[in-house]
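Numbering (the numbering used here), first residue to last: 750 to 1186. All C-beta atoms, glycine included, are put in the ideal place defined by N, C-alpha and C. The structure appears below as structure tokens.
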């Protein structure tokens, strides 16, 4: 194992990936400014739904979040150019992770992927060629890297795609009913809108998604199927980019193909002036053991997180417990409505809550369909009324439709959610049993 991981190979793929990665995170950061995402997600809301336990992470006041994202974009340029790479990568990772945990109304698996990839990039020697750092410090220049630098990224993407494929193996995906609901919202799309409404297209998308996610990494690893798999990957990700508008993720995913092709091909194509590393030296560093232990622990966590849903009571589609950080990408359609009621413990006065007085439309969707968001808003209401000198109870009567099914009551309306503790490691009993199976 050590001989395999610490054998040195040409580092052209990593250098090119760093340049693309830096460019993409720059575009993601400044794009959030110019598309209005920051305004709608972090500035307009009076209350942001952080990840539970991260309530101390709040958006900067006023318009300072614009500056925050512009600074992240600047770090993206530094990463692309290889300027003070390690510090730039650390700074971007911390800033991106902060905004990720700061709000979940716009939760996206791709944001999570970018966070963990940024963390991985910190430890990779991606600035040892074609970088400002090398020009300023020639002694760090290298034409090679340990092979583990390549495989940590390949294994990470194998986990992402594999669990993405497995997650699709459930009845509503297999019978294409969830695909039909998703595509109904795309009917207005130019040229392809009508095409996306056909049942045969739904089957292609459903089973094509399962097969692509499950097979793309193995097919890219096999030399005979690599070119075919890469062409399929281009088609798949460009389709996703057009139909689902998922930001930089399709292009970031395509960039990973660099690590599957022969290093000589990558060097000739992208870095013809760079020396190609021909040797196959085996150099085990003194810190070999910490690297191996760290990799094992990291990947055990990455495998455990998507599996945790199977150890939690009821269906994850209903409870959402175990949904996040699990590569459950675009799997369901949920609609709901909820009535929040605040009751003064002293006077027993009942105060109905109008969601639009507190939440944006996007936040309201979460506060009417997702138990953890519902609990958080109940806690927010309790604190808000506490500031007015009132000790209150908060009740929620919520009905949800999953993948077009009839509405079912989600929350026990007799439970005071304002006085219930959250437990991240077990099922919340106030979520009523589902009838999805």
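Where residue 1178 is concerned, there is no enclosing beta strand (DSSP E), because DSSP gives it neither an H nor an E. Between residue 898 and residue 763 the beta-carbon gap is near 6 Å, inside 8 Å, which marks them as a contact. Taking the C-beta atoms as reference points, residue 753 is found no nearer than 8 Å to residue 1037.
Beta-bridge annotation (DSSP): residue 1090 is paired with 1101, 1144. Per the Cβ contact rule, the stretch 930 to 950 is not in contact with the stretch 1086 to 1098 (fewer than 3 Cβ pairs under 8 Å). Taking 4 residues as the shortest admissible run, the stretch 963 to 1031 contains the following complete alpha helix (DSSP H) segments, listed from N- to C-terminal end: 972 to 993, 998 to 1004, 1012 to 1019. Going by beta carbons, residue 1148 and residue 1141 fall outside the 8 Å limit. Contact check for residue 846 and residue 864: beta-carbon distance about 5 Å, within the 8 Å limit, so the pair qualifies. Closest option to residue 881, judged by alpha-carbon separation, among 859, 1014, 826, 1003: 826.
Per DSSP, reduced to three states, the secondary structure at residue 1167 is helical. Inter-residue distance for residue 866 and residue 1092 is about 46 Å (C-alpha atoms, whole angstroms). Sequence-distant Cβ neighbours of residue 1001 in its own chain, meaning closer than 6 Å and more than five residues away, are 773. DSSP links residue 759 through a beta bridge to 893. The Cβ atoms of residue 1143 and residue 1165 sit closer than 8 Å to each other.
Three or more beta-carbon pairs separated by less than 8 Å link the stretch 791 to 806 to the stretch 848 to 864, which places the two stretches in contact.
Scanning its chain for C-beta atoms nearer than 7 Å, with the 5 sequence neighbours on each side dropped, one finds around residue 929 the residues 951, in chain order. Counting only residues of its own chain and dropping the five nearest sequence neighbours on each side, residue 831 has a CB closer than 6 Å to the CB of 876, 880, 881, 882. Between the C-alpha atoms of residue 1137 and residue 1108 there is a straight-line separation of about 19 Å.
By the Cβ rule, the stretch 1042 to 1057 counts as touching the stretch 901 to 916, because three or more pairs are nearer than 8 Å.
Collapsing the DSSP output to three states places residue 801 in coil. Contact check for residue 1068 against residue 986 fails: the beta carbons are separated by 8 Å or more. Looking at 1008, 860, 809, the one whose alpha-carbon comes closest to that of residue 902 is 1008. Annotated three-state conformation of residue 1052 is helix, per DSSP. A direct Cα-to-Cα measurement between residue 1132 and residue 1181 gives close to 25 Å.
Going by beta carbons, residue 1087 and residue 801 fall outside the 8 Å limit.
With fewer than 16 other Cβ atoms from the protein chains shown falling within 10 Å of its own Cβ, residue 943 counts as exposed. With a cutoff of 8 Å on beta-carbon distance, residue 814 and residue 768 are scored as not near each other. Inclusion of residue 959 and residue 982 in the CB contact set at 8 Å is not warranted, their separation being larger than that value.
Counting along the chain, no alpha helix (DSSP H) covers residue 1079, and no H or E run does either. C-alpha of residue 766 to C-alpha of residue 1125: approximately 39 Å in a straight line.
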